[in-house]
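This report refers to the structure that appears directly beneath it.
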Amino acid sequence: MALRFDALWRNLRSGDGGDREALGVALGVAGGKIAWIGREAELPAFERSAEFVQHDAAGAWVTPGLVECHTHLVFGGSRADEFRRRLAGATYEEIARAGGGIVSTVAATRKASEDELFAAAAPRVRRLIAEGVTAVEIKSGYGLDTQTEAKMLRVARRLGRELPVTVYTTFLGAHALPPEYRGQPDEYIELVCTGMLPALAERGLVDAVDIFCENIAFSVAQSERIFQAAARLGLPVKMHAEQLSNIGGTQLAARYGALSTDHLEYAVEADVEAMHRAGTVAVLLPSAYYCLRETKRPPVELFRRHGVPMAIATDCNPGSSPVLSPLMTMNMACTLFGFTVEEALQAYMHNAALALGKADVHGTLEAGRDADFALWDIQSPAELVYWLGASPCRAVIRHGQIVHGSC
Ligand code: DI6
Ligand code: FE
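Residue numbers (my numbering): 29 to 435.
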């Protein structure tokens, strides 16, 4: 059967900049999917649909759309004052314990209307798209009551409807203890498990469930109750684990088959082994490490040795990572964590898709998949990671349509 294209990009480059570099690549799109990709010299005969357009990419590099797999980008207010306090010497933990931090964003998010939250979040998402992102995960966790968590997740879904990006929602009801439950964390966990999560899942607002398992947040035992509640609903789980200390969250998460555990600065070899056995992805968040002036690096060498896939993400949030640049985050993964360029790129493509349980949809360029890709004005992929403060992204294509830039 003859191929029929709605669009064809010619004169692309692809590969990792090494031996597998390919010049003269062509990519044909039909019905929003990649219909054909390969060397232009081998392009088969094809028919042109009525709307057919041909683009000369003039040697631009093509990559899959980036997958931003860990954000908290829907929130009210700002924490610039907290940043000032931290510059003056207060620590993130001190601020959190004194009722600032996450809980101050909770107050601002509860107060904000749904339209206000959307209006604040949309430009953040557009920034990500402008750096090549075609899929983004967005967590709740600044509501901490059913109504506000629902509001946040509806805003996330609306971002996915109104902006050219695929949104995956994650329920993070166990992000912090809301002030009205002070001294009653187990009662709050009960509400999360039997009230909030089932209600939000029933409304179709939850793609996955996350927990902040940490001394300043929720214990391993409390986390387990949430994993059990998620399992009852058939929802995949993830965990913020071993970020500020090691309390054993990772091993629990691995026992529950978590898609990913995230942060992991304090993870040890037994954690890494458990992740390997469970197929759990290590999501590393170098910009949070940088913003918190953390000095303990995640055990990258152990992840490599045990074959645990590493993803990276901005962790975009108003406290520990007010960051909207995937490219800078890749640079930080290399400069601060010792990633290679190839690892950083994989970490933002295939491995990030794995961390969302969506590796069958995102993260690679293959015929039959959604035509979600980015074109870059670079001479080699190392330039994606090398430049700071300048995005060489020429265009972003989602479902076959140019959604950013031009080509
Ligand atoms: N870890 C983080 O880095 C973010 N949440 C979490 O559990 C921080 C969120 C914030 O400070 O608002
Ligand atoms: Fe986070």
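Beta carbons are placed, not taken as given, at the ideal position from N, Cα and C, and that holds for glycine.
C-alpha gap between residue i and residue j, whole angstroms
i	j	result
L313	D290	7 Å
E190	V234	18 Å
H432	G128	37 Å
H378	M338	10 Å
I123	E110	8 Å
V328	L355	19 Å
H304	D343	23 Å
Q175	L40	48 Å
L27	T197	The chain is shown from 29 up to 435; residue 27 falls before or after that span and cannot be answered.
D84	G66	15 Å
Q407	E79	31 Å
A63	D398	9 Å
C362	F33	39 Å
Y209	M180	20 Å
I157	K386	18 Å
G169	I254	14 Å
G52	I275	51 Å
beta-carbon residue i near ligand 1 non-hydrogen atom, thresh 7 Å
i	result
A316	yes
Q250	no
F146	no
K268	The amino acid at residue 268 is misidentified as Lys; the sequence shows His. True, at least one ligand heavy atom lies under 7 Å from that Cβ.
T392	no
I1	This structure does not reach residue 1, given that the chain is present from 29 up to 435, and the question cannot be answered.
T133	yes
F246	no
F240	yes
Nearest-angstrom beta carbon gap, residue j and residue i [assumed within contact, 8 Å]
i	j	result
E165	T99	6 Å
D238	P206	Not really, about 17 Å apart at Cβ, beyond 8 Å.
Y120	R114	7 Å
A163	G93	7 Å
G171	R138	7 Å
For residue i, the three-state DSSP class (helix, strand or coil)
i	result
E122	helix
E75	strand
M358	helix
D238	strand
K139	helix
S106	coil
Y318	helix
T99	coil
Buried versus exposed, by CB contacts within 10 Å (16 or more), residue i
i	result
Q279	buried
N446	Absent from the structure is residue 446, since the part of the chain shown begins at 29 and ends at 435.
K266	buried
R107	buried
V193	buried
R283	exposed
P346	buried
Residue i: CB within 7 Å of a non-hydrogen atom of ligand 2
i	result
D235	no
H98	yes
D84	no
N345	yes
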